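Enquirer:
Number of protein chains: 2
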Amino acid sequence: MRNRVRVLRAEYDLTQADLAEKLNVTRQTVIAIESGKYDPSLPLAFAVARTFNQSIEEIFLPDSP
Amino acid sequence: MRNRVRVLRAEYDLTQADLAEKLNVTRQTVIAIESGKYDPSLPLAFAVARTFNQSIEEIFLPDSP
DNA sequence: ACAGTTTGTAAAGGACACTTTACTTTTAGT
DNA sequence: ACTAAAAGTAAAGTGTCCTTTACAAACTGT
């Protein structure tokens, strides 16, 4: 599943460490999600969506929609 | 995180086994999600949303919104 | 009451999500 | 060019998501 976290983080002018703190996860987790290593859990996806004021569907994009 | 899977499944008149098949998971997974034992992965949450023609946010409800 | 369907419970195993720690590479400012 | 900040990489450990298997309990219709 692709996602727009990296570009949204850039729009909000946040470092990976900044975002990690807002999401209450470690920077490693942010890196893993941005790089597509794995998908976030559903609660974390909600936290990302809240942080960027968008819906989960606007940020995370299933491979075969 | 609460969810409306059980009621949506009832509206669509599906058994747990029916829904499991549509979602390509086991019945155990449907049971666990309906009973709140754990949250679905993000890809599975997308599959649930597609199945019921609703957004993830309409079906899954974070505890502290 | 009985049989068949649906739902619930449990336990062990594998893969994924996330953490912690530590180190390297890249980028940006002076 | 130097430094500091930011981003990347890696590895081991823990807990969650999902599977498989098996059996028990509840509901439905005849």
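So the sequence lines, in the order shown, correspond to chains A and B.
Each residue of the first sequence is one higher than the one before, starting from 3 at the first, in this note's numbering.
Each residue of the second sequence is one higher than the one before, starting from 3 at the first, in this note's numbering.
Glycine residues also receive a C-beta, built at the ideal position from the N, C-alpha and C atoms.
Just so it is clear, the structure is predicted and the values come from calculations on it, not from any experiment.
Under 9 Å between C-beta atoms, does residue 68 of chain A make it to chain B?
Expert: Examination of residue 68 of chain A is not possible in this model, given that chain A is present from 3 through 67 alone.
Enquirer: Taking Cβ-Cβ distances shorter than 9 Å, what residues in chain A pair up with residue 61 of chain B?
Expert: Working through the second sequence from its first residue, we reach residue 61 of chain B at position 59. Near residue 61 of chain B there are no residues of chain A at all, since even the closest Cβ is about 10 Å away, more than 9 Å.
Enquirer: How would you call residue 58 of chain A, buried or exposed, if buried means at least 16 neighbouring beta carbons within 10 angstroms?
Expert: Stepping through the first sequence from its first residue, residue 58 of chain A is reached at position 56. By the neighbour-count rule (16 or more Cβ atoms within 10 Å), residue 58 of chain A is buried.
Enquirer: Please confirm whether residue 41 of chain B has its beta-carbon closer than 9 Å to some beta-carbon of chain A.
Expert: Your numbering for residue 41 of chain B matches position 39 in the second sequence. At least one chain A Cβ lies under 9 Å of residue 41 of chain B.
Enquirer: Taking the straight line between their C-alpha atoms, what separation do you get for residue 11 of chain B and residue 30 of chain B?
Expert: On the second sequence, residue 11 of chain B is found 9 positions in, with the first residue counted as 1. On the second sequence, residue 30 of chain B is found 28 positions in, with the first residue counted as 1. Residue 11 of chain B and residue 30 of chain B: Cα-Cα distance of roughly 15 Å.
Enquirer: If you measure from the beta carbon of residue 44 of chain A to each beta carbon in chain B, is any gap under 9 Å?
Expert: Counting from one through the first sequence, the residue named residue 44 of chain A turns up at place 42. Yes, contact with chain B.
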